[in-house]
Amino acid sequence: MSRTPLISGNWKMHLNHLEAIQLCQKLSYELARHRYEQVEVSLHPPFVDLRSCQTVIDADRLEFKLGAQNCHDQNQGAFTGEVSAAMLAKLDVSYVIVGHSERRALFGETDEIVAAKAAAVAEADMTPIVCVGETLEEREAGRAAEVVSTQLRGSLAKLSRAQFETLVVAYEPVWAIGTGRNAEPRDAQEMCATARQVIDDIRRGVGSGVRIQYGGSVKPVNAQELLAQPDIDGALVGGASLDPVQFARIVQAALQACISIKAARQAKNQDRKNQDR
Ligand code: 13P
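By the count of this note's numbering, the sequence shown reaches residue 1103 at its end, each step adding exactly one.
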């Protein structure tokens, strides 16, 4: 099944609304030299920048999808300081990151909370990007697959079959985030394949359609090899997404990966045809 790669920039708590507008424009300038219809790009600024980014994306007809980094699971109410999925949908937000490891570790988000948020995002007709990933300790103890499987089962528990069909999952090993040490492409592939299998176990038949991103120190130098892996359908980029040149090069790498995957598939089909003759 062909899955359109999704390259997402998670700006975390960086850039005020004026800086955010500049980054959208600079990024659009960098990408204008390339055709990248085969790749989807989403930008996830802080909440206070969303309206400005929405306006510039709209006015300049930029090819970016707008994304958020979090939301509350209730539509409205006495939840001081929180933002609902419905509010984000009104700002033309398409993707909402939920369960990022920083939220799990620093703000106590459990799989149950993440599940409620993912469901709220999907109910508001947006796509949740559900993050999972093991810590270094868990990896060293040989528990990476088990941890990710438990997180997926808990975090996806409230989604309907139809909501699974548009779901995005991000595999982000915690030890690779912001450390400059990315997972080896082969290890990242193995974990994303495991995640796909788990998703298919949860809802039979949907695994092959779900996009799975890799995140954790994705840079122009490692992006192409990571994105060429058969079960890696995009990247969730932190630090490098704040630099328009670097982020545009990662989008380019996704395009190159698409081209090489397509060529490999064609060569395989040709081989098969030759053998059948
Ligand atoms: P870095 O790309 O800075 O490692 O961050 C990854 C991340 O947390 C994206 O959500």
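Yeah, the Cβ is synthetic: ideal placement off N, Cα and C, and Gly gets one too.
For this session: Please name the residue or residues paired with K891 in a DSSP beta bridge.
Result: S868
Exercise. Whole-angstrom Cβ separation of G1060 and L832, contact assumed at under 8 angstroms?
Worked result: 4 angstroms
Exercise. Is it the case that the CB of A1066 approaches a heavy atom of the ligand 13P more closely than 7 angstroms?
Worked result: yes
For this session: Please report how far the alpha carbon of E938 lies from the alpha carbon of S981, in whole angstroms.
Result: 6 angstroms
Problem set entry | DSSP bridge partner residues for R1037 (one or two, in chain order) | V994
Exercise. Skipping 5 residues on each side, what residues in its chain have a beta carbon closer than 8 angstroms to that of Q1015?
Worked result: Q1055, P1056, D1057 and I1058
Exercise. Based on Cα-Cα distance, which residue from S975, P954, I955 and V956 lies nearest to E964?
Worked result: S975
Exercise. Among all the DSSP beta bridges, which residues are the ones paired with T953?
Worked result: Y921
For this session: Quickly, what does DSSP pair H898 with across the bridge? List them, please.
Result: S910
Problem set entry | Any non-hydrogen atom of the ligand 13P closer than 7 angstroms to I1038 Cβ | no
Exercise. For G959, which three-state DSSP category applies?
Worked result: coil
Problem set entry | Spatial neighbours of L920 in its chain, beta-carbon cut-off 8 angstroms, leaving aside the 5 residues before and after | The question names Leu, yet the displayed sequence has Ser at residue 920. Taken in chain order, the residues that qualify are S868, K891, L892, G893, M952 and T953.
For this session: Give a yes or no on contact between the segment 982 to 997 and the segment 1014 to 1029, applying the rule of three or more CB pairs nearer than 8 angstroms.
Result: yes
Problem set entry | Boundaries (first-last residue) of the beta strand (DSSP E) holding N836 | L832 to N836
For this session: To the nearest angstrom, report how far apart Q1092 and Q1082 are at their CA atoms.
Result: 15 angstroms
Problem set entry | heavy atom of the ligand 13P below 7 angstroms from I1076 C-beta | no
Exercise. Would the beta-carbon of H840 be found less than 7 angstroms away from any heavy atom of the ligand 13P?
Worked result: no
Exercise. Alpha carbon to alpha carbon, how far is V1044 from P1070?
Worked result: 14 angstroms
Exercise. Comparing the CB of G934 with every heavy atom of the ligand 13P, is any distance shorter than 7 angstroms?
Worked result: no
Exercise. Assuming D875 and A846 make a contact with CB atoms under 8 angstroms, what is their CB distance in whole Å?
Worked result: 4 angstroms
Exercise. For V1032 versus E991, is the C-beta spacing smaller than 8 angstroms?
Worked result: yes
Exercise. In terms of alpha-carbon separation, which member of D1027, E972, R1029 and Q1050 lies closest to E1010?
Worked result: Q1050
Problem set entry | Backbone secondary structure at G1031 - three-state DSSP | coil
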